[in-house]
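By numbering that gives the first Met the number 0, the letter at position 24 of the sequence shown is numbered 23, and the numbering carries on one by one without gaps.
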Amino acid sequence: MAQDVLCEVSNCVHNRDGKQCMAEKIFVVSHKGEKAHNSEETDCKTFEPQGL
Numbered sequence: 000m001a002q003d004v005l006c007e008v009s010n011c012v013h014n015r016d017g018k019q020c021m022a023e024k025i026f027v028v029s030h031k032g033e034k035a036h037n038s039e040e041t042d043c044k045t046f047e048p049q050g051l
């Protein structure tokens, strides 16, 4: 499992210091079913905006 997960989404509650994801788990989905051909076909469902 990855030890360091980097993230540049500064308004996510899991983002620490504007660069590192501190979520306990990461959930990434594909727009095209089970297989993605590039990163543009995926989204991080772990994202949660700050201030909710």
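Ideal Cβ placement from N, Cα and C applies to all residues, glycine included.
Rounded to the nearest angstrom, the gap between the Cα atoms of residue 24 and residue 45 is 8 Å.
Under DSSP, the beta-bridge partners assigned to residue 19 are 5 and 15. DSSP places residue 41 in the uninterrupted beta strand (DSSP E) bounded by 41-43. Taking 8 Å as the cut-off, the Cβ atoms of residue 39 and residue 11 do not count as close.
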